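Taking it in order: structure first as C-alpha cells, then the write-up.
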Amino acid sequence: MPVYALNLFDIADKDEYLAYARRSVKEVTSHGGKVISLGKFKEAAQGDITPRTVMILVEWESKQAFDSYCNDPALADLHPHRENGTQNYIWHLFDKLDDLRPLLK
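The structure is reproduced here in C-alpha cells:
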C-alpha cells in the first residue's frame, strides 16, 4: 500500500542541504519514491504548528520502500547532509486513501 511522507523543515545550512538535494531525487526514485509536491511556506491559515519554511510531499510505493531508502547502507553518506542541512524537521507518514470512509466508520 502506498504511503505519503510529509516533510516540513527549515534550511539550516544551504551547502549541506544542496549536497543532499543534488542526489536525493535520484535515490528516492530508485527506492520507489516520487516527489509529488514542493512548497515554500506562505502563511498559517489555521492551527498551532510552528510554521516551517519548506514542504516536500513524497509518495512511496510502500512503507517498506520508505524504510529501504532510510536504511540503505549505500546511502549512509547521504542522510547526514539532510540532517545537517535542516532544522525543526517534521517527517510524518500517511497511508494513501481513496476517500475518507475508512476514517469515518
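Counting from 1, one number per residue, gives the positions in the sequence shown under UniProt numbering.
A virtual CB, placed ideally from N, CA and C, is assigned to each residue, including glycine.
Keep in mind it's a predicted model, so treat the numbers as computed, not measured.
In this structure Met1 is not in contact with Lys105, their Cβ atoms being roughly 17 Å apart against a cut-off of 8 Å. Val35 and Pro102 have their C-alpha atoms some 25 Å from each other. Inter-residue distance for Arg23 and Ala44 is about 31 Å (C-alpha atoms, whole angstroms). Contact annotation: the stretch 26-40 does not touch the stretch 82-92, with fewer than three C-beta pairs closer than 8 Å. Here Ile11 is not near Tyr20, since their CB atoms are 7 Å or more apart. With contacts defined as CB atoms closer than 7 Å, Phe9 and Arg52 qualify as a contacting pair.
The Cβ atoms of Glu59 and Tyr4 lie closer than 7 Å to each other.
Within a 10 Å sphere around the beta-carbon of Phe41 sit fewer than 16 other beta-carbons, which makes this residue exposed. Taking the C-beta atoms as reference points, His79 is found no nearer than 7 Å to Leu6. Taking the Cα positions, Ile49 is about 25 Å away from Lys63.
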